[in-house]
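>
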Amino acid sequence: MRFYIIQPQYDEELQTSNFLPNLFNPADASVIARVSDSDKEDISRAVAAARRAFESGPWRRMTPSERGKYLWRVGDAILEHADELAELESIDNGKPRAVARVADVPLAADLFHYMAGWATKIEGNTIPISVPYAPGAHFHAFTLREPVGVIGQIIPWNFPLLMAAWKLGPALTAGNCVVLKPAEQTPLSALRLAELMLELGLPEGVVNIVTGFGETAGASLASHEDVDKIAFTGSTEVGKLIVHAAAGNLKKVSLELGGKSPNIIFKDAPNLEAAVAGAADAIFFNHGQCCCAGSRLMVERDIFDEVVAGVSEKAKRIKLGPGLAPDTQMGPLVSEEQLNRVTRYMNLGKEEGACYVTGGRRAGDQGYFVQPTVIKDVRDNMSIVREEIFGPVVVAESFNKPEELVLKANQTQYGLAAGVWTRDIAKAHKVAAALKAGTVWINCYNVFDSALPFGGYKQSGWGREMGHDVLELYTQTKAVVVGL
Ligand code: NDP
């Protein structure tokens, strides 16, 4: 096994004696690497480097075409290093290497390829204006879309490389400069990505990866007076702290937060087998560590027992194992903290009287594995029904009437995603329109694309990532009026 000691980009200035606690392989708790524990001062140095790069470096001054070509090459480099990046992701996060190889890595590359195209298409408008208090006067008015400036980005551990891509791609295509803090548990792929970007000739200071704790490095970045915008993905709880921290200089804020997403199966689902497989994938993909996980399975009463039995069978057959083992279908949770959090919820559900169809406890005694879990006989006020568990744990409920169903599905502080399975087109559209969620999947689940905007209603976030919507987060509009 390789052993990594990686420093941020401006390492000659760093206090090299400060390291985060060891990084652990979640499959067996062995030490895999040590990275720097950056503090407020390190963040300030990185912000200053990004500010210099933004104000006087070549990045925002180069032609959009050059910027786009550079970002395209980053996408290519990710694909060229796909095996290495998938291995890093697996060792660091615990997810199966094969999954990282077919999902995380190509999606990250595609994001850069997609965003490369936008560099040449960020345009303003010409606007005919009337100016009623200046009769007879003539003006030529237009808008420019300009980069926001220095961007702070804080990302979580569930898709470390992909989250780095989601954040860096749009910020860079618009000409911004960035300071990015990866999660303390999973900094390796973001560091390697930045290394690849440097090898491709990224000008100094444009991307600064600063490893460290959220409470120190992350909080300093969110509150920094010279950061123009902060983009955050993580828990709703920390999202609220980010909003407060950003108030000092009223920096712009975008947030991609938690979820408790309903996945609704009607008895007229076009293919019940596919719906059951989709329901299992909705909750068990990435070990349930997905903000959009279909963690509330809502099934029409007539087919409830059949669907729950089907999802439970799939849960029982999932092969748990270390991420690097070729036959592993589900790896460990990312950390001991998450293991404790998920097993605490499993125990809470039992105390509250829910029925566990399968799973419900830690798996084995080495590493951070838990059993894929299906729970029924739940009530609305149970914490396992209301709160985000962020593990492979689904609560199943039945419903009779679509009107009641929509009310119930929306009965959550979150609004990130939802699934609907039915062959009735009119019903599918009506339910999709009534659901308060940023993404609704009909007869599918977990379908992502760089061109599709992703983000939350209610307390699931502010703003949309990916698609052309994300450019709103990383540009600002300037109106220019010329008197003729
Ligand atoms: P956090 O929200 O704490 O972590 C996300 C990122 O924010 C990490 O980089 C973290 O740093 C950083 N951070 C933590 N505290 C602060 C702060 N005060 N100021 C600025 N940045 C901060 O999530 P956790 O890792 O603690 O996971 C807890 C729960 O959050 C999960 O169980 C899940 O419910 C939810 N979550 C949701 C995610 C999503 O995709 N929406 C992703 C991850 C978690 P560091 O980790 O280095 O300390």
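With the sequence shown counted from 1, adding 9 to any position gets you the working numbering.
Yeah, the Cβ is synthetic: ideal placement off N, Cα and C, and Gly gets one too.
None of the values given here were measured: they were computed from a predicted structure.
#1: Which runs of the beta strand (DSSP E) spanning at least 3 residues fall entirely within the segment 277-359, listed in chain order?
#2: Look at Asp277 and Val157 and say whether their C-beta atoms are less than 7 Å apart.
#3: Quick test of your reading: Ala291 and Ala302, contact by CB under 8 Å. State the CB separation rounded to the nearest angstrom.
#4: Between the Cα of Ala150 and the Cα atoms of Arg76, Gln468, Ile273, Thr135, which residue gives the shortest distance?
#5: Around the C-beta of Tyr142, are 16 or more other C-beta atoms found within 10 angstroms, so that it is buried, or is it exposed?
#6: What's the C-alpha gap between Lys325 and Asn356?
#7: Under 7 Å Cβ to Cβ from Gln485, same chain only, skipping five residues before and after it: list those, please.
#8: Relative to the C-alpha of Thr242, which residue among Thr182, Lys260, Trp175, Ala256 is closest?
#9: His147 lies in the beta strand (DSSP E); which residues open and close that run?
#10: Mind pulling the alpha helix (DSSP H) runs of 4 or more residues that sit fully within the segment 25-49?
#11: What did DSSP end up calling Arg52 once you bin it into helix, strand or coil?
#12: What are the partner residues of Ile502, as DSSP defines its beta bridges?
#13: If you count every other CB in all the chains shown that lies within 10 Å of the CB of Asp92, and 16 or more means buried, which is it?
#14: Measuring straight from C-alpha to C-alpha, what distance separates Cys453 and Gly184?
#15: Taking the continuous beta strand (DSSP E) assigned at Tyr365, which residues delimit it?
#16: Note down the Cα distance separating Lys359 from Tyr365, rounded to an integer number of angstroms.
#17: By how many angstroms is the C-alpha of Val489 removed from the C-alpha of Pro144?
#18: Do Gly368 and Thr382 have their CB atoms nearer than 7 Å?
#19: Can you list, in chain order, the residues of its chain whose CB lies under 6 Å from that of Ser392, leaving out five sequence neighbours each side?
#20: Rounded to the nearest angstrom, what separates Lys78 and Ala125 at their Cα positions?
#21: Just to confirm my understanding: we take Lys195, look at its own chain, exclude 5 residues before and 5 after, and list those with CB closer than 6 Å. What are they?
#22: Where DSSP assigns a beta bridge to Asn217, which residues make up the other side?
#23: Over what stretch of residues does the beta strand (DSSP E) that includes Asn258 continue unbroken?
#24: Just to confirm, is the Cβ distance from Ile218 to Ala231 under 7 Å?
#25: Note the first and the last residue of the continuous beta strand (DSSP E) segment covering Asn272.
#26: Can you find the residues in the same chain that come closer than 7 Å, C-beta to C-beta, to Ala435, ignoring five residues on each side of it along the sequence?
#27: With DSSP as the reference, label Phe121 as helix, strand or coil.
#28: In chain order, what residues of the same chain have a beta carbon less than 8 Å from the beta carbon of Ile14, not counting five sequence neighbours either side?
#29: Use the C-beta contact count for Pro67: other C-beta atoms within 10 angstroms, 16 or more gives buried, fewer gives exposed.
#30: Would you check whether ligand 1 has a heavy atom nearer than 6 Å to the C-beta of Phe294?
#31: Going by DSSP in three states, Gln380 sits in which element: helix, strand or coil?
#32: So, for Gln24: in the same chain, excluding its five sequence neighbours on each side, which residues have a beta-carbon less than 7 Å away from its beta-carbon?
#33: Val403 and Ser304 look like a contact to me (Cβ under 8 Å); what is the Cβ gap, rounded to whole Å?
#34: Note down the Cα distance separating Gly492 from Ser139, rounded to an integer number of angstroms.
#35: Check whether the segment 311-329 and the segment 473-484 touch, using three or more Cβ-Cβ pairs below 8 Å as the test.
#36: Below 6 Å CB to CB, which residues in the same chain sit around Glu363 once its five sequence neighbours on both sides are set aside?
Here's the rundown:
#1: Qualifying beta strand (DSSP E) stretches, in chain order: 305-309.
#2: Here residue 277 refers to the residue found at position 268 when the sequence shown is read from its first residue. Here residue 157 refers to the residue found at position 148 when the sequence shown is read from its first residue. Going by beta carbons, Asp277 and Val157 fall outside the 7 Å limit.
#3: As a position in the sequence shown, residue 291 is number 282, starting the count at 1. As a position in the sequence shown, residue 302 is number 293, starting the count at 1. About 7 Å separates the two Cβ atoms, so the contact holds.
#4: Taking the sequence shown and counting its residues from 1, one reaches residue 150 at position 141. Ranked by Cα distance from Ala150, the first of Arg76, Gln468, Ile273, Thr135 is Thr135.
#5: For this step, residue 142 is matched to residue 133 along the sequence shown. For Tyr142, the number of other beta carbons within 10 angstroms of its own is below 16, and it is reported as exposed.
#6: Your numbering for residue 325 matches position 316 in the sequence shown. Your numbering for residue 356 matches position 347 in the sequence shown. Between Lys325 and Asn356, the alpha-carbon positions lie close to 19 Å from each other.
#7: Numbered from its first residue, the sequence shown carries residue 485 at position 476. Closer than 7 Å at Cβ, skipping near neighbours: Glu155, Val157.
#8: For the purposes of this step, residue 242 is identified with residue 233 of the sequence shown, where counting begins at 1. It is Trp175.
#9: If you number the sequence shown from 1, residue 147 lands on position 138. For His147, there is no enclosing beta strand (DSSP E), since its DSSP letter is neither H nor E.
#10: Within the segment 25-49, no complete alpha helix (DSSP H) run reaches 4 residues.
#11: For the purposes of this step, residue 52 is taken as residue 43 along the sequence shown, with counting starting at 1. Here the sequence assigns Ile to residue 52, which means Arg is not the residue at that position. Looking at Ile52 - three-state DSSP - the assignment turns out to be helix.
#12: Past the edges of the chain, shown from 10 to 493, lies residue 502, and the structure says nothing about it.
#13: As a first step, residue 92 must be located in the sequence shown, where it is residue number 83. Exposed.
#14: Taking the first residue of the sequence shown as position 1, residue 453 is located at position 444. Taking the first residue of the sequence shown as position 1, residue 184 is located at position 175. Whole-angstrom Cα-Cα distance: 36 Å.
#15: What you label residue 365 is simply residue 356 of the sequence shown in a count that begins at 1. It spans 364-367 - the beta strand (DSSP E) in which Tyr365 sits, taken as one unbroken run.
#16: Sequence index remark: in the sequence shown, residue 359 carries index 350 (1-based). Sequence index remark: in the sequence shown, residue 365 carries index 356 (1-based). When rounded, the distance between both Cα atoms is 8 Å.
#17: Position 135 of the sequence shown, counting from 1, holds the residue named residue 144. Position 480 of the sequence shown, counting from 1, holds the residue named residue 489. Each residue's Cα considered, the two are about 20 Å apart.
#18: For the purposes of this step, residue 368 is taken as residue 359 along the sequence shown, with counting starting at 1. For the purposes of this step, residue 382 is taken as residue 373 along the sequence shown, with counting starting at 1. Contact: yes.
#19: Translated into the one-based positions of the sequence shown, residue 392 becomes position 383. Answer for Ser392: Leu357, listed in chain order.
#20: Start at 1 with the first residue of the sequence shown, and residue 78 comes out as number 69. Start at 1 with the first residue of the sequence shown, and residue 125 comes out as number 116. Using only the alpha carbons, I get a separation of about 7 Å.
#21: Position 186 of the sequence shown, counted from the first residue, corresponds to residue 195. The displayed chain sequence assigns Thr, not Lys, to residue 195. The beta carbon of Thr195 is closer than 6 Å to those of Asp101, Asn102, Trp166, Pro169 in its chain, skipping five residues each way along the sequence.
#22: In the sequence shown, the residue the question calls residue 217 occupies position 208. Looking at the DSSP assignment, Asn217 forms a beta bridge with Val188.
#23: Taking the first residue of the sequence shown as 1, we reach residue 258 at position 249. Per DSSP, Asn258 lies in no beta strand (DSSP E) and is assigned neither H nor E.
#24: Against the sequence shown, residue 218 aligns to sequence position 209. Against the sequence shown, residue 231 aligns to sequence position 222. No.
#25: As a first step, residue 272 is located in the sequence shown; it is residue number 263 there, counting from the start. For Asn272, the uninterrupted beta strand (DSSP E) run begins and ends at 271-274, by DSSP.
#26: On the sequence shown, position 426 is the one that residue 435 refers to. So no residue of the chain qualifies.
#27: Within the sequence shown, the letter at position 112 stands for residue 121. Of the three classes helix, strand and coil, the one that applies to Phe121 here is helix, per DSSP.
#28: Numbered from its first residue, the sequence shown carries residue 14 at position 5. Low local confidence applies: a pLDDT of 41 at Ile14 is under 50, so the model's placement there is unreliable, and no value is given.
#29: For this step, residue 67 is matched to residue 58 along the sequence shown. Label assigned to Pro67: exposed.
#30: Your numbering for residue 294 matches position 285 in the sequence shown. Phe294: no, Cβ never under 6 Å from ligand 1.
#31: Your numbering for residue 380 matches position 371 in the sequence shown. In the structure shown, Gln380 adopts coil according to DSSP, grouped into three states.
#32: Along the sequence shown, one-based indexing puts residue 24 at 15. Annotation note: pLDDT 45 at Gln24 (below 50); position unreliable, coordinate value reported separately. The answer is none, since no qualifying residue turns up.
#33: Along the sequence shown, one-based indexing puts residue 403 at 394. Along the sequence shown, one-based indexing puts residue 304 at 295. At roughly 6 Å, the Cβ-Cβ gap stays under 8 Å, so Val403 and Ser304 are in contact.
#34: The count along the sequence shown starts at 1 and reaches residue 492 at position 483. The count along the sequence shown starts at 1 and reaches residue 139 at position 130. Across the structure, Gly492 and Ser139 are spaced so that their CA atoms are roughly 12 Å apart.
#35: Segments in contact, no.
#36: In the sequence shown, the residue the question calls residue 363 occupies position 354. It is Ala, not Glu, that sits at residue 363 in the sequence shown. Within its own chain, the residues whose Cβ lies closer than 6 Å to the Cβ of Ala363, once the five positions on either side in sequence are excluded, are Ile384, Asp386, Val387, listed in chain order.
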